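Working notes, beginning with the structure itself.
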Amino acid sequence: MKMGELDRVLTGGSQRIAVVGSGIAGLACALLLNRHARVTLYEASERLGGHSHTVDVDIAGRRLAVDTGFLVFNRRTYPELVALFGMLGVEAVESEMSFSVSLSEPALEWAGSNLATLFAQPENLLRPAFLGMLRDILRFNAAATRMAAGGAPSPDLALGDYLDRERYGDAFRHWYLLPMAAAIWSCPTRTMLDYPFSTFARFCHNHGLLQIFNRPRWLTVRGGAREYVRRIAARLDDVRTATPVLSVERGADGVRLYTRGGGEYYDQVVFACHSDQTLRILGADASADERAILGAVRYQPNRAVLHTDPALLPHRRKVWSAWNYLAGRGAASERPVSVSYLLNRLQPLGVDTPVVVSLNPFREPAADKVLRVIDYAHPVFDRAAIAAQSRLHQIQGVRRTWFAGAWTGYGFHEDGLRSALAVARALGVEIPWQTPARKELTA
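In my numbering, the protein residues as written are 381 to 823.
Here it is, written out as structure tokens:
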């Protein structure tokens, strides 16, 4: 009797599927596949959720659940996530996506909430470069909207090359566009210059970033993102945290996963972790196509510091926003992006003390105000990564191996979830909120 046949007898004859990684992609894959197969979810960390990372902190005599990774979504551009949350009974509350820029060289601060914040620094009214930036914003929004509507340039045209070709000013680049883009994708501003312009324009158009009015209303999960993680985990039968997958052995009749506890057989494996982590697990067993596609996506390490130090926010309180891009002296383009997320604006915390997550702070917050330090890694979407995404179908399902994760799209929660839906459909599973089967999973 072969390896797969014996294990199938021992497990009652049903198909077994391993899901590696418990971010949104892995959780969704496990949830969707669990009703149709015996699913085991593997997570190397002691907690589930990946970038959905809620922590408890004590501030002003209150115990608060604050998010340090995934924070906001909206009904327009996160339709699948909204549907999933609806099925799970996850409650959402209103949030915001205001944005500010605070630079040391030159001394500059502004926020885009209204005219008062735009000119919170009065000398901006007298800065020709600042007024030129505003004109360029309107020009870029109009051009990118036209492109997103169908007038696409060469798909190989990088954002930086487009800005050069169309002669956008330095103020527009360094005081607005690159800070905003680097804050969204959590990468150095220089990295954003290699992002394909057509993809960048489509993303900005789809997310309402090119509009002055009628922007989507942003939401956050009441109680923190861990609420949806808990609800999915409660529906799973076999969840193994603190259990890193070390290697795999793929054969004609199945896949054997190895952990520190030994090997275990599965009919299929879904890698829902970062692509570089998947390659390390596959090791020498990775095919040439897998190495080329998975290896094309690079990752930017980012250090998140949760703290209560207002010195890591703009100097002018009027400029304080939900997302605050900050840069000290020196070449900000050469350093990891420094962004402070003001959680009081993003979550209903109910305290006056500023609660801040600073990504790669350009200077350290006061030691007595630091609450937690967390390391993240975010995919870098340069031209090589975008090209690799278009080839993913070449390895999907080959040798009983599937791939999911936010790295397959724009890098956000909706992308991770959509990748899980694609894998589930390929394995013959209907999406419950899109079919009459919805009643079965909501029961």
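For every residue, glycine included, the Cβ atom is placed at its ideal position computed from N, Cα and C. Quick caveat: nothing in here was measured; it's all calculated off a predicted structure.
{"Check": "Using beta-carbon positions only, say whether F583 and Y721 come within less than 9 Å of one another.", "Outcome": "no"}
{"Check": "Looking only at its own chain, which residues have a Cβ that is under 6 Å from the Cβ of D387, when we skip the five neighbours before and after it?", "Outcome": "Caution applies to D387, whose pLDDT of 46 falls short of 50 and renders its modelled position unreliable; the value that the coordinates give is listed next. Hits under 6 Å: Y645."}
{"Check": "Who are the Cβ neighbours of L772 in its own chain at under 7 Å, not counting the five residues just before and after it?", "Outcome": "I673, F783, T788"}
{"Check": "Is it buried or exposed for G392, if we count other Cβ within 10 angstroms and need 16 for buried?", "Outcome": "Only weak support exists for where G392 lies, its pLDDT of 48 falling under 50; the value from the coordinates is given anyway. Burial call: exposed."}
{"Check": "Using the beta-carbon count (16 or more within 10 Å), is P486 buried or exposed?", "Outcome": "exposed"}
{"Check": "In the DSSP assignment, the beta strand (DSSP E) including V685 goes from what residue to what residue?", "Outcome": "678-687"}
{"Check": "Find the nearest neighbour of G796 within the set L511, M527, L468, P459, judged by alpha-carbon distance.", "Outcome": "P459"}
{"Check": "Using CA coordinates, which residue listed in T497, A417, A707, A767 is at the minimum distance from S482?", "Outcome": "A707"}
{"Check": "For L444, which option in L573, V731, T623 has the closest C-alpha, if you only look at C-alpha atoms?", "Outcome": "V731"}
{"Check": "Any chance you could list the beta strand (DSSP E) runs of at least 3 consecutive residues sitting entirely within the stretch 580-649, in chain order?", "Outcome": "598-601, 627-631, 634-639, 642-646"}
{"Check": "Given a threshold of 16 other Cβ atoms within 10 Å of its Cβ, counted over all protein chains shown, does S394 qualify as buried or as exposed?", "Outcome": "exposed"}
{"Check": "Quick one: Cα of Y542 to Cα of T569, how far?", "Outcome": "15 Å"}
{"Check": "For T781, which beta-bridge partners are listed by DSSP?", "Outcome": "V649"}
{"Check": "How big is the Cα-Cα spacing for V389 and F792?", "Outcome": "Bear in mind that a pLDDT of 39 at V389, under 50, signals an unreliable position, so the model cannot answer this."}
{"Check": "The beta strand (DSSP E) spanning V559 covers which residue range?", "Outcome": "Note on identity: in this sequence residue 559 is Pro, with Val being the wrong assignment. Premise fails: P559 lies in the alpha helix (DSSP H), 558-565, not in any beta strand (DSSP E)."}
{"Check": "With DSSP as the reference, identify every bridge partner of A445, one or two as the case may be.", "Outcome": "D436"}
{"Check": "Along the alpha helix (DSSP H) that carries H793, what are the first and last residues, could you check?", "Outcome": "793-806"}
{"Check": "Taking all protein chains shown into account, do 16 or more other C-beta atoms lie within 10 angstroms of the C-beta of V473, making it buried, or fewer, making it exposed?", "Outcome": "exposed"}
{"Check": "In chain order, which continuous runs of the alpha helix (DSSP H) of length 4 or greater are located wholly inside the stretch 484-534?", "Outcome": "495-498, 508-528"}
{"Check": "Let's see if you can read the secondary structure: which residues bound the alpha helix (DSSP H) around D536?", "Outcome": "From DSSP, D536 is part of no alpha helix (DSSP H); its letter is neither H nor E."}
{"Check": "Would the beta-carbon of V717 fall within 9 Å of that of A562?", "Outcome": "yes"}
{"Check": "Just checking, does the stretch 416-436 make contact with the stretch 445-456 on the three C-beta pairs under 8 Å criterion?", "Outcome": "yes"}
{"Check": "Please report the straight-line C-alpha distance between N724 and E489, rounded to a whole angstrom.", "Outcome": "20 Å"}
{"Check": "Grab the span of the beta strand (DSSP E) containing E474 for me, first residue to last.", "Outcome": "472-474"}
{"Check": "Between E794, F651, I612, which has its C-alpha nearest V628's C-alpha?", "Outcome": "F651"}
{"Check": "With a cut-off of 8 Å on the beta carbons, I'd call V649 and R780 a contact; round off their distance for me.", "Outcome": "7 Å"}
{"Check": "Give the range of the alpha helix (DSSP H) segment to which L411 is assigned.", "Outcome": "404-413"}
{"Check": "Nearest-angstrom Cα distance between L662 and V677?", "Outcome": "16 Å"}
{"Check": "Going by DSSP, name the residue or residues bridged to S738.", "Outcome": "V685, S720"}
{"Check": "State the Cα-Cα distance for the pair T600 and G401, rounded to the nearest angstrom.", "Outcome": "23 Å"}
{"Check": "For N586, which residues in the same chain have their Cβ closer than 8 Å to its Cβ, ignoring the five residues on either side in sequence?", "Outcome": "T457, A528"}
{"Check": "Would you list the one or two residues that DSSP bridges to T420?", "Outcome": "A398"}
{"Check": "Pull up the distance between the alpha-carbon of L573 and that of A614, whole angstroms please.", "Outcome": "43 Å"}
{"Check": "Taking D665 and R630 to be in contact with their CB atoms under 8 Å, please state how far apart those CB atoms are, rounded to whole angstroms.", "Outcome": "6 Å"}
{"Check": "Looking at the structure shown, is S667 part of a helix, part of a strand, or coil, going by DSSP?", "Outcome": "coil"}
{"Check": "Taking all protein chains shown into account, decide if Q814 is buried (16 or more other Cβ within 10 angstroms of its Cβ) or exposed.", "Outcome": "exposed"}
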